[in-house]
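**Student:** Start counting at 1 in the sequence shown, then tack on 6, and there's your number in the working numbering.
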Amino acid sequence: MIDRLIVTTLAAHHKIGPNSPLPLGISYTVSMTSPSHITEHQRQYQLAPGSWDERVVLITGATGGLGSVLSHAFAKAGATVVLMGRHRKRLEAIYDELVAAGAKEPAMIEQDFTETTPEILQNTADIVEQTFSRLDALVHTAATLGELTPLQVTDDSSWRKTFDVNLHAARDLTMACLPLLSKTGNASVLFTLDDKPGAYWGGYGVSKAALKTLMHVFADENDNVLDENNVPKVAINGIQPGPMRTRLRRRAFSGELEHETPLAIEQLGTFLYLLDRVDKTACGQCWQETNP
Ligand SMILES: NC(=O)c1ccc[n+]([C@@H]2O[C@H](COP(=O)([O-])OP(=O)(O)OC[C@H]3O[C@@H](n4cnc5c(N)ncnc54)[C@H](OP(=O)(O)O)[C@@H]3O)[C@@H](O)[C@H]2O)c1
Numbered sequence: 007m008i009d010r011l012i013v014t015t016l017a018a019h020h021k022i023g024p025n026s027p028l029p030l031g032i033s034y035t036v037s038m039t040s041p042s043h044i045t046e047h048q049r050q051y052q053l054a055p056g057s058w059d060e061r062v063v064l065i066t067g068a069t070g071g072l073g074s075v076l077s078h079a080f081a082k083a084g085a086t087v088v089l090m091g092r093h094r095k096r097l098e099a100i101y102d103e104l105v106a107a108g109a110k111e112p113a114m115i116e117q118d119f120t121e122t123t124p125e126i127l128q129n130t131a132d133i134v135e136q137t138f139s140r141l142d143a144l145v146h147t148a149a150t151l152g153e154l155t156p157l158q159v160t161d162d163s164s165w166r167k168t169f170d171v172n173l174h175a176a177r178d179l180t181m182a183c184l185p186l187l188s189k190t191g192n193a194s195v196l197f198t199l200d201d202k203p204g205a206y207w208g209g210y211g212v213s214k215a216a217l218k219t220l221m222h223v224f225a226d227e228n229d230n231v232l233d234e235n236n237v238p239k240v241a242i243n244g245i246q247p248g249p250m251r252t253r254l255r256r257r258a259f260s261g262e263l264e265h266e267t268p269l270a271i272e273q274l275g276t277f278l279y280l281l282d283r284v285d286k287t288a289c290g291q292c293w294q295e296t297n298p
């Protein structure tokens, strides 16, 4: 019988403390608009075995197409992976896969982002700190499509839930984890973005656009917190991957043939490159595939 560490964030014990206020007159170096194009080197990047032996990564949407392959990649490199998802059974399935593959014992955090609050996510960050004393990377992959309908007929509650999952939970969890990430140093936060400004993309398209701006705002507010090498203690970036054959993609493009869309594993390289902080100065950038 495998021993499981299950952390269910049911109760909030702590209030969020404000981050240090932004010094007035700070000058920003982060590029706010132009996307950074993914290079072949980044696309092919892999983590060296054992290179994350002492490190901890928290992945939201760990039960999804992208989140699960990211979890495997970090576990293979020796990381302790904190799997965050909304369904216990799906979490247990990925947990079992990692353990069977010889990973360090992962942790599971069961949380539906439509039912969360800043206090609950602060509690999540506190539990990670109490359990592991560090956090090296926070990767946001959780997302919902909501309703792909004209705005006029979109159900209001579904619109708000889409924002709760795609935007509010990412904001709250990032705010809650930043102090621990800063304390750990050489850390990163990565947001998974998408660019869907057209008709019927509704709450998904709008919340993903807001998420990109949120990434830039977080990066700007934190890029002045430097380590002894004068690089940001926490690199905050976004990636807009190309199409991936996942449940989300299948729902959005139900007529698409399987072989027409690559698997999520083919998009991993750039995520790993940024989270491994190969280029320590990369911060506040939206990395995107040339043909998303
Ligand atoms: N697939 C693509 O072509 C594509 C392209 C561009 C960007 N992206 C982005 O890539 C990221 C990963 O998506 P994916 O393609 O891997 O899709 P996916 O397989 O559907 O994964 C989405 C993840 O989000 C979780 N999630 C959904 N609603 C949630 C909620 N209410 N509370 C907590 N978690 C919730 C899902 O949990 P369950 O497992 O329980 O459903 C799943 O783990 C997303 O941010 C997406 O916007 C995807």
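Every residue gets a Cβ at the ideal spot worked out from N, C-alpha and C, and that includes glycine.
Taking DSSP's pairing of strands, which residues face C292 in a bridge?
**Tutor:** Indexing the sequence shown from 1 puts residue 292 at position 286. Beta-bridge pairing links C292 to G244.
**Student:** Counting C-beta neighbours from all protein chains within 10 Å, is the total for H93 16 or more, i.e. buried, or is it exposed?
**Tutor:** For this step, residue 93 is matched to residue 87 along the sequence shown. So H93 ends up on the exposed side.
**Student:** Report yes if the C-beta distance between D142 and V88 is below 8 Å; otherwise report no.
**Tutor:** Numbered from 1 along the sequence shown, position 136 holds the residue referred to as residue 142. Numbered from 1 along the sequence shown, position 82 holds the residue referred to as residue 88. Result no, Cβ atoms of D142 and V88 do not sit closer than 8 Å.
**Student:** Less than 7 Å separating the Cβ of K95 from some heavy atom of ligand 1?
**Tutor:** Stepping through the sequence shown from its first residue, residue 95 is reached at position 89. It does not: the Cβ of K95 is nowhere closer than 7 Å to a heavy atom of ligand 1.
**Student:** Is it buried or exposed for V134, if we count other Cβ within 10 angstroms and need 16 for buried?
**Tutor:** If you number the sequence shown from 1, residue 134 lands on position 128. Buried: at least 16 other Cβ atoms inside 10 Å.
**Student:** If you measure from the beta carbon of E116 to each beta carbon in chain B, is any gap under 8 Å?
**Tutor:** No chain B appears in this structure, which consists of one protein chain only.
**Student:** Using CA atoms only, rank isn't needed, just tell me which of F277, W293 and T287 is closest to Y51.
**Tutor:** Counting from 1 along the sequence shown, the entry for residue 51 is found at position 45. It is F277 whose Cα lies nearest to the Cα of Y51.
**Student:** Apart from the five residues on each side of it in sequence, which residues of its chain come closer than 7 Å, Cβ to Cβ, to T180?
**Tutor:** Numbered from 1 along the sequence shown, position 174 holds the residue referred to as residue 180. Within the same chain, T180 has close Cβ partners L144, V195 and F224.
**Student:** Once the 5 residues before and after Y279 are set aside, which same chain residues still bring their CB inside 7 Å of it?
**Tutor:** Counted from its first residue, the sequence shown places residue 279 at position 273. Q48 and Y51.
**Student:** Runs of 3 residues minimum, wholly inside the stretch 219-285: which ones carry the beta strand (DSSP E) assignment?
**Tutor:** 240-246
**Student:** Which residue spans inside the stretch 67-122 form an unbroken alpha helix (DSSP H) run of at least 4?
**Tutor:** 71-82 and 94-106
**Student:** Taking only the alpha-carbon atoms, compute the straight-line gap between D229 and I245 and give it to the nearest angstrom.
**Tutor:** As a first step, residue 229 is located in the sequence shown; it is residue number 223 there, counting from the start. As a first step, residue 245 is located in the sequence shown; it is residue number 239 there, counting from the start. So the alpha carbons of these two residues sit roughly 18 Å apart.
**Student:** Taking DSSP's pairing of strands, which residues face I65 in a bridge?
**Tutor:** Position 59 of the sequence shown holds residue 65. L89 and V145.
**Student:** Taking 7 Å as the cut-off, is the CB of K214 close to at least one heavy atom of ligand 1?
**Tutor:** As a position in the sequence shown, residue 214 is number 208, starting the count at 1. Result yes, Cβ under 7 Å from ligand 1.
**Student:** Threshold first: 3 residues or longer. Then list the beta strand (DSSP E) segments lying entirely within the stretch 151-217, N to C.
**Tutor:** Taken in chain order, the whole beta strand (DSSP E) runs of length 3 or more contained in the stretch 151-217 are 193-198.
**Student:** Beta carbon of M221: closer than 7 Å to some heavy atom of ligand 1?
**Tutor:** As a working note, residue 221 is residue 215 in the sequence shown. No, ligand 1 has no heavy atom inside 7 Å of this Cβ.
**Student:** Can you name the residues that DSSP bridges to S42?
**Tutor:** In the sequence shown, the residue the question calls residue 42 occupies position 36. Paired residues: W293.
**Student:** By a C-beta neighbour count over all protein chains shown, 10 Å radius and 16 as the cutoff for buried, is Q136 buried or exposed?
**Tutor:** As a working mapping, residue 136 is identified with position 130 in the sequence shown. It is exposed - the Cβ of Q136 has fewer than 16 other Cβ atoms within 10 Å.
**Student:** Is A131 helix, strand or coil when you go by DSSP?
**Tutor:** Here residue 131 is taken as the residue at index 125 of the sequence shown, counted from 1. DSSP places A131 in helix when its eight states are reduced to three.
**Student:** Give a yes or no on whether the C-beta atoms belonging to W293 and S42 are separated by under 8 Å.
**Tutor:** In the sequence shown, counting from the first residue as 1, residue 293 sits at position 287. In the sequence shown, counting from the first residue as 1, residue 42 sits at position 36. Yes, the pair counts as a contact, with Cβ atoms nearer than the cut-off.
**Student:** Under 8 Å, do Y101 and M90 count as touching if we go by C-beta distance?
**Tutor:** In the sequence shown, counting from the first residue as 1, residue 101 sits at position 95. In the sequence shown, counting from the first residue as 1, residue 90 sits at position 84. The answer is no: Cβ separation not under 8 Å.
**Student:** Of the residues T267, S163 and P238, which one's Cα is nearest the Cα of I286?
**Tutor:** By 1-based counting over the sequence shown, the position of residue 286 is 280. According to the sequence as given, residue 286 is Lys; it is not Ile. Ranking the options by Cα distance to K286, first place goes to P238.
**Student:** Using C-beta distances below 6 Å, list every residue in its chain close to T160, excluding the 5 sequence neighbours before and after it, in chain order.
**Tutor:** As a working note, residue 160 is residue 154 in the sequence shown. Here the set comprises E153 and G208.
**Student:** Under the rule that 16 or more other beta-carbon atoms within 10 Å means buried, what is S77, buried or exposed?
**Tutor:** Within the sequence shown, residue 77 is the residue found at index 71, counting from 1. Buried, by the Cβ-count rule.
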